[in-house]
Amino acid sequence: QLQASGGGLVQAGGSLRLSCSISGTIRGIWTRSWYRQAPGKEREFVARIVVNGDTDYADSVKGRFRISRNIAKNTVDLQMDSLRPEDSALYYCRVDAKPSGTTWGQGTQVTVSS
681 QLQASGGGLV QAGGSLRLSC SISGTIRGIW TRSWYRQAPG KEREFVARIV VNGDTDYADS
741 VKGRFRISRN IAKNTVDLQM DSLRPEDSAL YYCRVDAKPS GTTWGQGTQV TVSS
């Protein structure tokens with residue numbers, strides 16, 4: 681129901697844009713988020729955008745990443761600039777909805793070389 685894309689290999693300092701397509705069967709979405717998980721680490725919060733458009737970011741990505749949504753296309757995007765090797769991870773999109781609950785996407789790999 682969630683399809684993430686846009687990952688890849690990039691050099692440090694470069695940019696990538698992730699996109700997550702959300703199935704129209706998910707109704708009542710109130711939060712769209714991105715998380716990431718590096719090998720051997722816990723999955724961690726990256727960014728979220730809530731129903732009124734307010735956004736929130738992890739301290740580690742503030743000023744470098746920007747989350748946005750396209751209501752018409754039913755997508756949530758993550759623009760990632762000034763990428764660092766420590767940003768390398770599997771990136772997951774997530775939506776929270778009522779009554780559907782929480783839905784995760786399959787993940788897209790981001791690798792940043794030094």
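For the sequence shown, the residue numbers in our numbering are 681 to 794.
Beta carbons: idealized from backbone N, C-alpha and C, even for Gly.
Since the structure is predicted, the reported quantities are computational estimates derived from the model, not experimental observations.
Secondary structure at residue i, three-state DSSP: helix, strand or coil?
i    : result
D776 : strand
E766 : helix
T705 : coil
S786 : In the sequence as presented, Ser is not what sits at residue 786; that position holds Gln. Coil.
A692 : coil
S713 : strand
D761 : coil
What does the Cβ neighbour count give for residue i, buried or exposed, with the cut at 16 atoms within 10 Å?
i    : result
I751 : exposed
W714 : buried
Between residue i and residue j, how many whole angstroms is the CB-CB distance? I'm expecting something under 8 Å.
i    : j    : result
Y772 : G781 : That pair is no contact at about 16 Å.
R774 : M760 : That belief does not hold up - the Cβ atoms of R774 and M760 are roughly 17 Å apart, past 8 Å.
V790 : D767 : 6 Å
I747 : T755 : Between T755 and I747 the Cβ distance is about 11 Å, and since that is not below 8 Å, they are no contact.
R716 : R749 : Actually they are not in contact, since the Cβ atoms of R716 and R749 sit about 18 Å apart, beyond 8 Å.
Beta strand (DSSP E) containing residue i: first to last residue?
i    : result
R746 : F745 to N750
E724 : E724 to V730
Opposite residue i in the DSSP bridges: which residues?
i    : result
G781 : A777
S685 : S699
D739 : Paired residue(s): none; D739 is not in a bridge.
S793 : Q691
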